Amino acid sequence: MIEAACHCGAVRMEIAAAPDQVTQCHCSICRKLGVLWAYYPRDQVRIIAAPDATLAYLRGERNIAFHSCKTCGCTTHWSAVDPARKRMAVNARLMEPQVLAAAAVREIQGPEG
Numbered sequence: 338m339i340e341a342a343c344h345c346g347a348v349r350m351e352i353a354a355a356p357d358q359v360t361q362c363h364c365s366i367c368r369k370l371g372v373l374w375a376y377y378p379r380d381q382v383r384i385i386a387a388p389d390a391t392l393a394y395l396r397g398e399r400n401i402a403f404h405s406c407k408t409c410g411c412t413t414h415w416s417a418v419d420p421a422r423k424r425m426a427v428n429a430r431l432m433e434p435q436v437l438a439a440a441a442v443r444e445i446q447g448p449e450g
């Protein structure tokens, strides 16, 4: 079990396993958020937070919600607006550095807008 948390600890996550690969997306939003994404099926991530602990930002086609802690502002994860989509991403920068040491970094351009 891997743990990740925002700076203040109001949003914590328990994740089934360390990521083998993380993605550094260079789209307009990810670049400005400074995130490193680790992708998981939703059932492999447990978010431990009050129901109103995050603010969600929907961009572009409004099919993905980027979540940030209301208290410290750290981007914690994104999830699909459609619950039928089973994939989500955790901001791997919230994991301990030793957890990420073996992960390969994939660079992508991503959509603009």
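Counted the way the numbering used here counts, the sequence shown spans residues 338 to 450.
Where a beta carbon is used, it is the ideal one built from N, C-alpha and C, also for glycine.
Quantities reported herein were computed from a predicted structural model and do not represent experimental measurements.
Nearest candidate by alpha-carbon position, reference residue i, set the options
i: K407; options: G346, E340 and A341; result: G346
i: A393; options: A386, R368 and F403; result: F403
i: A386; options: A421, I401 and S405; result: S405
i: G447; options: T360, P420 and R424; result: T360
i: A301; options: N400, A439 and Q435; result: Look at the range of the chain in this structure, 338 to 450, and you will see that residue 301 is not part of it.
i: G397; options: E444, A353, I366 and M338; result: I366
i: Y376; options: C411, M338, W415 and P420; result: W415
Host beta strand (DSSP E) of residue i (start-end)
i: Q358; result: Q358 to C362
i: R396; result: Run containing R396: none; DSSP gives neither H nor E here.
Beta-carbon proximity of residue i to residue j, cut-off 8 Å
i: R349; j: A342; result: yes
i: C364; j: W374; result: no
i: R383; j: E433; result: no
i: P378; j: R443; result: no
Alpha-carbon to alpha-carbon, residue j and residue i
i: D389; j: D357; result: 31 Å
i: A421; j: Q381; result: 15 Å
Q: Could you say if the region 422-435 and the region 366-375 meet the contact criterion of at least three C-beta pairs nearer than 8 Å?
A: Yes, since at least three Cβ pairs between the region 422-435 and the region 366-375 fall closer than 8 Å, the two stretches touch.
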